[in-house]
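Chains as they are written, first to last, in our numbering: chain A, 70 to 502; chain B, 70 to 502. Comments concern the structure below.
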């Protein structure tokens, strides 16, 4: 349909939801983005732009539009979405755009821009529905309907004092059911869950998930209601955090864009690889130290690679379970202790089983019972170290306030590589030389 | 407070939200769970049980309660939560419990039990608010208020035909604002996003996230409205799926419980380690093949461990980015092609940089320029293979319909281990012997 004229294209597009058009954009060149945005009705166009993946750079599309169309689209956007887009622009582009907007919108967006991108303030939307605690049923309903004109959907109605401090929430159901002369003060549910504007978005996600909320109010230090965060924005945060977790865990900088350029990928991964190279020299030093053993018993080298490789994998297993467990909930001292004890046992048993296999193989294939014993001891020892470090290191990092996910495989496998080389070579030097 | 009497404990507990008590449970022995549940008012007790972590086994707590208390709690539970709990029980316990309940509740739960645990049917709640498409404003409002009596919160009002087929949704705002004689048919929004009951929960999460929904209706093959899934259940699904992804990626069975016993952990991880042992023998075979090289040039062994270790880490990086990208959206052929091309370039460049470092080290430390060349070539080659396999293998698995996450580090590092041993040894045999 992209080959046809604009009218034909417009007709095809109207069957699609804005989020579907945004997904379609990922597969189209950027010239097509601009053309489609210009064809779409402003309301849909602004929704498409707010739904576009960050990695498709909606802010560049926006800045390239005709200024009038751009203003129309920005004023249709929710404040939180507009703020996210504008925050991606260069300083002078931000000023130009804000000056072209109407004063009220611009000042709301300026206020939102002042919060950190990953805080509750950076996530919140300042448009919401609130009623004064002294309102009666009729006045409250009128207020709610008036305020809801500009909103797609409302989930929660906030109750405030004259100075806008948050008092509670009230459900539309209870207002409708109430007697005609009921006061909001008698209908409200006090003590709502709320967050301060400077709270980290991960904590916001945790609260929303724990209390099964659809929205959470955001307040300043004096409990003044600033905005609200809706669960759909939190779902995006959760996806982002999961991506960051899996990347950090694998030794990739958390801010690498999944569909970024090769230059970005090199920039994000090379430092970790160079760090790994440094730890690699350390482990290689262990091997060099036993050069006489490897010349005297050449087969030990092949087995040594098996022992160290198995240690790396067992450590990654223990690490994944422990890191994920920590990220879902804080562990008490006794839970932490039991976790270490468990990984200790798992490492010993898995080590002994695999040690028996590789030991038996050496006995049969190389005809050396003593080599079998050496490998059994080395494998058991290394998988024991794997379990211990895989569980202990993230727990210790968490206690001292460092993100446990930096204990990526790269760090942990340093231990299992060093031990994986040392143990077979050292046992061999004792028992086989 | 656990030491005090029941009255004192009850007083302390009433300051806590049910989800907070559920979290507290993780730190208490199971005798304390039973005591607290018996003290709490039934409404709170049932909320606590529905909020308890799966791994704390709320179903065991439930089955151990006094039968009368148990019936009260189960009838307070939402149908979807009750079904999840009952599904965890033994067949005969399920029957006993269902027979002790009132007939309507039991038959609703029996219907829900028939859906797969990880499908839309297994997630949905059958209690929802619906109005007939031929209702007028007054009748609809009465219906809504009547139906909402039993519900904590309602998000969306569904519009159905006489035979319960889904026609659309209507917002409470539009009903309130409408003229007194308005018909629902003129207020409804047709073509809502919906899911069929047998759709996988991951797909449900994707739809809710894509369309920013707070609830999604679930229908049967004839569009009959069966229930709805709320976004708070989807948040739990997303956490579960993230856990599974990170576990599979690290060579742990996806169903290992994070806080499970050491026996379960051994059962879940040992098969992967034995698989890794088998691939380890393969790589060790490569080393054995070049035994003469390692005896002639002992230092090559230490360097070989560096080359293979770096390959493993680079492959894990490429794999993490690719697997996560696939799990967030389907890639077109051209996107897949560009991904492989990108990892190909990243591998070459990171390989060359690290190859230069290790080559220069060998030149300076071992005084052998030719060893430097061998290591530069081997490192570049292995990181190139790492990028290529890390990107290609998950993409190919996805195309042939296999979960790309089974391309865990264990599988991919087989390639980088074999190549990481072969390349330095083979180049050394050509240039240094």
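For every residue, glycine included, the Cβ atom is placed at its ideal position computed from N, Cα and C.
- Taking residue 328 of chain B as reference, the option from A:399, A:206, A:207, A:79 with the minimal CA-CA separation is A:399.
- Boundaries of the alpha helix (DSSP H) around residue 104 of chain A: 99-108.
- Beta-bridge pairing by DSSP links residue 201 of chain A to A:229.
- Using a CB distance below 8 Å, the part of the stretch 342-364 of chain B facing chain A consists of 342, 343, 345, 346, 349, 350, 352, 353, 354, 356, 357, 360, 363, 364, ordered along the chain.
- For residue 210 of chain B and residue 241 of chain A, the gap between their C-alpha atoms comes out near 12 Å.
- Residue pairing for residue 194 of chain A: DSSP places it in a beta bridge opposite A:297.
- At a cut-off of 8 Å between C-beta atoms, residue 372 of chain B counts as an interface residue with respect to chain A.
- Contacts between residue 428 of chain B and chain A, judged by CB atoms closer than 8 Å, are missing: the closest CB pair is about 12 Å apart.
- For residue 118 of chain A, the nearest beta carbon of chain B is not closer than 8 Å to its own beta carbon.
- Comparing C-alpha distances from residue 486 of chain A to each of B:326, B:500, B:257, B:381 shows the shortest one belongs to B:381.
- Taking residue 482 of chain A as reference, the option from A:502, A:311, A:77, A:377 with the minimal CA-CA separation is A:377.
- Put simply, the CB of residue 445 of chain B is far from chain A, with every gap to its CB atoms at 8 Å or more.
- The continuous alpha helix (DSSP H) containing residue 395 of chain A extends over residues 368-397.
- Comparing alpha carbon positions, the residue from A:463, A:246, A:228, A:428 closest to residue 346 of chain B is A:428.
- In the structure shown, residue 236 of chain A adopts extended strand secondary structure according to DSSP, grouped into three states.
- Around the beta carbon of residue 96 of chain B, fewer than 16 other beta carbons sit within 10 angstroms, so the residue counts as exposed.
- For residue 265 of chain B, DSSP records a beta bridge to B:288.
- Looking only at B:159, B:180, B:230, the smallest Cα-Cα distance to residue 204 of chain B is reached by B:230.
- Contacts with chain B at 8 Å (Cβ-Cβ) include residue 367 of chain A.
- Assigned with DSSP and collapsed to three states, residue 483 of chain A falls in helix.
- Pairwise C-beta distances place the stretch 426-446 of chain B out of contact with the stretch 382-393 of chain B, as fewer than three of them are shorter than 8 Å.
- Per DSSP, the continuous alpha helix (DSSP H) segment holding residue 165 of chain A begins and ends at 160-168.
- Contact with chain B is found for residue 423 of chain A, since one of that chain's Cβ atoms lies less than 8 Å from the residue's Cβ.
- Short of 8 Å from the beta carbon of residue 264 of chain B, and not among the five residues preceding or following it, lie these beta carbons of its own chain, in chain order: 189, 272, 273, 276, 285, 286, 287, 288, 298.
- Taking C-beta atoms as the reference points, residue 103 of chain B and residue 154 of chain B fail to come closer than 8 Å.
- For residue 187 of chain A, not one C-beta of chain B is nearer than 8 Å to its own C-beta.
- Residue 449 of chain A carries a helical assignment under DSSP once its states are collapsed to helix, strand and coil.
- Nearest CB-CB separation between residue 411 of chain A and chain B: below the 8 Å threshold.
- Under the three-state reduction of DSSP, residue 401 of chain B is assigned to coil, being neither helix nor strand.
- At a cut-off of 8 Å between beta carbons, residue 486 of chain A contacts chain B.
- Contact residues of the stretch 376-387 of chain B toward chain A are 377, 378, 379, 381, 382, 383, 385, 386 (C-beta to C-beta distance below 8 Å).
- The beta carbon of residue 306 of chain A sits closer than 8 Å to those of 192, 270, 271, 273, 274, all from its chain and outside the five residues before and after it, given in chain order.
- The secondary-structure analysis by DSSP pairs residue 252 of chain A across a beta bridge with A:205.
- Contacts with chain A at 8 Å (Cβ-Cβ) include residue 331 of chain B.
- The three-state secondary structure of residue 283 of chain B, taken from DSSP, is coil.
- The residues 322, 323, 325, in chain order, have a CB closer than 8 Å to that of residue 316 of chain B in the same chain once the five nearest residues on each side in sequence are set aside.
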